[in-house]
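Below you'll find the structure, written out as structure tokens, and then a few comments.
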DNA sequence: CGACATTTTGAGTCAGCTCAATCAGTGTGG
DNA sequence: CCACACTGATTGAGCTGACTCAAAATGTCG
């Protein structure tokens, strides 16, 4: 059970990095505490200190900031295998909150254990670095999208990115996947109002590009959708994405 | 001359991390090539590979992405001591472009030399990590600002952040500093049009909060400006900023 | 079935955009 | 020293994408 949990992390890292048997062993030997969270619960609050990292086992997490008079801005989504607060190893005060979108199973690993593991393996250290750097690249993608894309393009881009990431971890066939965000949450992620999300989503639906119902996303016309989105998966730095 | 150049980096890192004499020596021994760039020139292009990191010696750099039909989004500003493309050590293809805002002096250090230095010192490695993580934190601040703040608050926040960062590296007294961005560039950074920047900037000027002329920024009423901006410097993770 | 969350739709408003000049500062050549 | 060129700042006049408010419809779950 415990090792099944760490298996998720191992698989994630191995998708991009070549780990030795020893590295694998180190990972699987990490001390981990598992907790279950309901949907829409905070896990780590902005302003708090933190002496462990959380890793998504199952479900969807997000990071967000609350802006005065402006509601909240979701900054990232985190899927199984992700470590949303890896930065807390070196930065002691959280500058944002980590919470759940859907109900989720989350593992906690003490900083001390992670630091020790990283000191013992150069390759493991590189693998963790890489995950952080790719997350940052995705964040840059979001920033550019929010800053410069029209609402329809922004929504289309979001959907393309979401399903591409889900596919990369084996949770989608590239056409269909689970999508637990409400329209309000999509708005919080894209810097748009709920009502506007709804209206533009309807247009995408009417144009037979996507379906989004009951927490299921289905892409009907990838070509056209990714075209409207100006979607280029380069920034996701995926390993062997044959497309 | 060469060591003066690396001095900028050393000072930056030492502001946040305690480096040993040996670490200092390692830094000052890094092989570096110095180049001078004119204002508004690209240094590393999106899509390219990269086998060295650039470090800002003097002047202002930025990173940006170009969005189809949407112009460009500036993703970050880089001041002396910053290493804008540190992520290229582990990610081989650039997902954005690095270029100059003002004329700038830039140093280039081969990846191989940096990797070697980081392998030899745990503290140095931590110091470089930290710089990357803080830059990411600043990026999150931008994302939230672009996504959720009104244009006036966004501009005020940008100015607060800019002068605070300049002050942290000794290039401002907290009230005045050099500000080489044109209004178009401020717009590119904030996801706003040039015209709108101009109009909202005028309001800040009329309210006697700031002056911004001839490449000089002067804050006349910090209290009110930072209040309108909802500015909380926590996310800059500055070391000993007494404020 | 009832309570609650989420989605959908309509109507009206406004922040921020585009287009189009004009003005100001700086540099260049004669 | 002046005319010209060029870049950046400013201003005015609409226009519209996205917002807010409000209500109805639909879905979910104990």
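Residue numbers (the working numbering), protein chains in the order written: chain Y, 66 to 308; chain E, 66 to 308.
Every residue, glycine too, gets a C-beta built ideally from N, C-alpha and C.
Under the Cβ criterion of 8 Å, residue 284/E is not counted among the residues facing chain Y.
Interface annotation, residue 91/E: not in contact with chain Y, CB-CB separation never under 8 Å.
DSSP places residue 136/Y in no alpha helix (DSSP H) but in the uninterrupted beta strand (DSSP E) bounded by 136-143. Shown here, residue 277/Y sits in a strand according to DSSP, grouped into three states. The contact set of residue 198/Y on chain E, defined by CB atoms closer than 7 Å, consists of 152, 155 and 156 in chain order. Separation of residue 80/Y and residue 285/E (C-alpha to C-alpha, rounded to the nearest whole angstrom) is 53 Å.
If you check the CB distance, residue 214/Y and residue 135/E come in under 8 Å. Just so you know, the alpha carbons of residue 249/Y and residue 97/E end up roughly 50 Å apart. Counting along the chain, residue 107/Y sits inside the beta strand (DSSP E) bounded by residues 107-109. Excluding five sequence positions before and after residue 303/Y, the CB atoms of its chain that fall closer than 7 Å to its own CB belong to 233, given in chain order.
In its chain, beyond the 5 residues on either side, 300 have a beta carbon closer than 8 Å to the beta carbon of residue 205/Y. With its beta carbon at least 8 Å from every one in chain E, residue 143/Y lies outside the interface. Restricting attention to 196/Y, 116/Y and 141/Y, the CA atom closest to the CA of residue 180/Y is found in 116/Y.
By alpha-carbon distance to residue 137/E, the top candidate from 122/E, 164/E, 295/E and 289/E is 164/E. Beta-bridge partners assigned by DSSP to residue 130/Y: 138/Y. Of the residues 69/Y, 296/Y and 132/Y, the one whose Cα lies closest to the Cα of residue 210/E is 132/Y.
In the structure shown, the three-state DSSP call for residue 124/Y is coil.
Within the same chain, and ignoring the five residues on either side of residue 241/E in sequence, the residues whose Cβ sits closer than 6 Å to its Cβ are 283. For residue 85/E, not one C-beta of chain Y is nearer than 8 Å to its own C-beta. Interface with chain E (8 Å Cβ-Cβ cutoff): residue 194/Y is included. A direct Cα-to-Cα measurement between residue 109/Y and residue 139/Y gives close to 14 Å.
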